[in-house]
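In what follows, a single structure is set out as structure tokens and then discussed.
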Amino acid sequence: MQKASIDRLFFSIVLLLLIAGFFIFISAALGSLTKGESRFNNLVLGQLGFGLIGGGIAMFVASRIKYTFWRKHAFSILLVTIVLATMVFIPGVGMEHGGAKRWIDLQFTTFQPGEALKFGLVVYLAAWLALFYRKIRTPYFGVLPLMVFFGVAAGLLLMQPDFGTFAIAAMAGMAMFVTAGASMRDILLIGLVAIIAFGGMAMWKPYFLDRISTFLYHDDFQGAGYQMKQALIAVGSGGLAGRGFGQGVQKFSYLPEASGDSIFAVAAEEFGFLGTTLMVLLYLLFALRGLWLGSHAPDMFSGLLVVGLVILITVQSFINIGSMLNLVPLTGVPLVFVSHGGTALVVAMAEVGIVLNISRYRRP
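When we follow the numbering used here, the leftmost residue of the sequence shown carries the number 20, and every step to the right adds one.
In structure tokens, the structure reads:
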């Protein structure tokens, strides 16, 4: 039976994250003033216009589309996102930055199709697992198709290269697989394959090995190692209560990507341990309430879809936070709802809209 309204608690948590995130972003963007006032204006207008306003529209529209639409068109959505992901390799269409080809140049802005591919993979996996959940413990309907899906995503994302995005998509897929009733044998098998693939990546992809080496030995003083050291300086200088809003120093010329990947370090310097703990708690509440909505979803497909989307957002956020605290290797993924990045914000808010729509039909 349809509820009269969306889940207000989940929506309130998202709204708090967006409001806090925008203020943190404004402060972090002040660091771009060292590159000129126009750079600051472009960052703020892009985040406000394309990110928040565009994302707000996407969230509203997605919240009004009945969740069964995504199941009906799951295969088409997956195909479209795969095609978009391959377009980054087309000369004149794909855009390269920092040695990675992750963006499509739309002239007036850029689009990162990896974000859309994560969404397409989660939607199709939810439809597949819901259709065959009674046979999920058999190899031909469970672990083998899952490995094929992961293989396609890995082929497209690791060629860019974008290991962080693939890892997030894979963790969301595994959460859905386990939720659908996967056997322990299949879970261990996938874990073994993941370990072998991880070792292969470290041997054959120099950039991947460099990130692991930097994380373990702190032996890079120019690239990822420099960013990690500056992030730790920012976190440490924040102390218990922080320097105060806008008073951070590291964002000026010291901290790379202050309004992007490193924005949690900016927040830690200005709001300290207390402020960042509150932020982490908000993400935790987002995850807990989202998974609660998944457990009360009206059917198997909608429940798996909520689990996948919530895990996508939560895992990405905690990976970003962990990398700034030197708990995981630096991956370059943005902090959801906070970091600069129009594509990531619009897609995340559309995913929130889907969860809100499903919350209208939740069971008691």
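Using N, Cα and C, we set each Cβ at its ideal position, and we do this for glycine too.
In this text, all values refer to a predicted model and were calculated from it rather than measured experimentally.
Compute every distance between the C-beta of residue i and the non-hydrogen atoms of the ligand MN, then say whether any falls below 7 Å.
i: G75; result: Here there are no bound small molecules, and the ligand MN is not part of this structure.
Would you mind sorting residue i into buried or exposed? The rule is 16 or more other CB atoms within 10 Å of its CB.
i: Q269; result: buried
i: A260; result: exposed
i: P383; result: exposed
i: R83; result: exposed
i: Y159; result: exposed
i: Q66; result: buried
i: T157; result: exposed
i: I38; result: exposed
i: I231; result: exposed
i: K137; result: buried
i: E276; result: buried
i: F185; result: buried
i: V112; result: exposed
Check whether the Cβ of residue i lies closer than 8 Å to any Cβ atom in chain B.
i: W122; result: Given the protein chain composition of this structure (a single chain), no chain B is represented.
Is the beta carbon of residue j closer than 8 Å to that of residue i?
i: G313; j: V334; result: no
i: I43; j: I282; result: yes
i: F320; j: A149; result: yes
i: G360; j: P353; result: yes
i: R379; j: I109; result: no
i: A104; j: L175; result: yes
i: I330; j: A81; result: no
i: A172; j: L211; result: no
i: M190; j: V371; result: no
i: R121; j: Q179; result: yes
i: F356; j: A367; result: yes
i: V365; j: G74; result: yes
i: M195; j: A145; result: yes
i: D280; j: G351; result: yes
i: G257; j: F292; result: yes
i: S278; j: S95; result: no
i: E134; j: A363; result: yes
Work out the CA separation of residue j and residue i for me, nearest whole Å.
i: S31; j: H315; result: 19 Å
i: M106; j: I123; result: 7 Å
i: L323; j: N376; result: 14 Å
i: M247; j: M343; result: 6 Å
i: I214; j: G183; result: 16 Å
i: A284; j: M298; result: 12 Å
i: T296; j: K154; result: 42 Å
i: S336; j: A306; result: 11 Å
i: W89; j: N60; result: 37 Å
i: W147; j: V102; result: 20 Å
i: A286; j: M166; result: 38 Å
i: L177; j: L62; result: 28 Å
i: G192; j: G341; result: 21 Å
i: A48; j: L328; result: 28 Å
i: P317; j: K85; result: 12 Å
i: V142; j: Q266; result: 42 Å
i: F151; j: T198; result: 13 Å
i: D181; j: N339; result: 14 Å
i: G244; j: A250; result: 10 Å
i: F264; j: N345; result: 24 Å
i: F29; j: I45; result: 25 Å
I'd like to confirm the pairing. Which residues does DSSP put opposite residue i in its beta bridges?
i: D124; result: T129
i: M114; result: W122
Legend entry - Those runs of the beta strand (DSSP E) which lie wholly inside the stretch 30 to 99 and span at least 3 residues: none
Inset, instruction - Entirely within the stretch 197 to 281 and at least 4 residues each: give me those alpha helix (DSSP H) ranges in chain order. - result: 203 to 223, 225 to 236 and 243 to 257
Legend entry - Whole runs of the alpha helix (DSSP H) within the stretch 301 to 366, excluding any shorter than 4 residues: 319 to 343
Legend entry - 4-residue-minimum alpha helix (DSSP H) runs that sit fully inside the stretch 157 to 182, ordered along the chain: 162 to 177
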